[in-house]
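Here the structure is laid out as structure tokens; the discussion comes afterwards.
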Amino acid sequence: MVFLTEQEQKARERVCVALDTESVDQALEWAKILSPFAKSFKIGKSLHLIAGLEGRNIISEIAEVGGSSFLDLKGHDTPDQIRRYAMAATVTGVNMFNIHVGSKAMNEAALEGAFEKSKILGIEKPLVIGVTELTSLNTADVLRLGNPRGYEAAMLNKAKIAIEDGLDGIVCPAKFAGGLEKKFGNKLRFITPGVQLNGLVNEGQKQVYDIASAVRDCRNSILVVGSAYTKAPNMEKQALLGLREMAPYMN
């Protein structure tokens, strides 16, 4: 049994572990090991697809080990399809799911679908999170994709759209979340990938920040931690270290 201080328990509420693996069994083993140190677990597209093809309800299986699920499926489609996607994603055990920040009609369709399904099931509506710019991109990538304003400006514009359209939060790099929180206050929950600890961070990340600074700078964030935990020689020891790094800022 793991004993956590009150501050470490508060830190645990703000940790989401990325289950970046193609093995459902491995993902569930990670969730079992790390559930004392993290409230939720991120299910990406490949793991979600593989679990479905294997006939596994990975959301329920994660719930059985004490975790909730963040469906990181990045919906981006017509408003009707996004509404259907949101309804499908709104099930017991899912605390949030995401879409790419898109048109007003698409963003509102996601909210409508989540509200409708949660009312039918009698459950709390999951957070509907808008992806701004991927943390695997940088300014050079954004410019190449045709946005002349660069990475930070493009991300800021999508954050404004998310607020205008009523989304519950955004995905953004941890190093920018503090500035966005100062600008927008507590109107958004900030879901922040690219978190590193002891030099470990998810592969392919170009927007990286250390775990203590991430919570020091932003009080309304959820940290998405992947390889920083799952590639550590001792995951439990590393995850406890993460909570201890965060704890001083849990006021």
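Residue numbering for the sequence shown is 93 to 343, as defined by our numbering.
Virtual Cβ for every residue (Gly too), placed ideally from N, Cα, C.
Quick check: the Cα distance between Q288 and Y321, rounded to an integer number of angstroms? 9 Å
If I measure Cβ to Cβ from Y177 and keep anything under 6 Å in the same chain, skipping five residues before and after, which residues do I get? G167
With a threshold of 16 other CB atoms inside 10 Å of the CB of T97, please say whether the residue is buried or exposed. exposed
Name the two residues that bound the continuous alpha helix (DSSP H) containing T322. 319-322
With H62 as the anchor, note down where its alpha helix (DSSP H) starts and where it stops. Because the chain in this structure spans residues 93 to 343, residue 62 falls outside the shown range and cannot be described.
Report all residues from its chain with a CB closer than 7 Å to the CB of M247; omit the five preceding and five following residues, and keep chain order. T224, E225, C264, F268
Pairwise C-alpha distance: D309 and G271: 8 Å
May I have a chain-ordered list of the alpha helix (DSSP H) segments no shorter than 4 residues that lie completely inside the segment 206-241? 231-236
Closer than 7 Å by C-beta to V234: which residues in its own chain qualify, once you throw out the five before and the five after it? Chain order, please. E225, G242, Y243, A246
Less than 8 Å between the beta carbons of A130 and V157, yes or no? no
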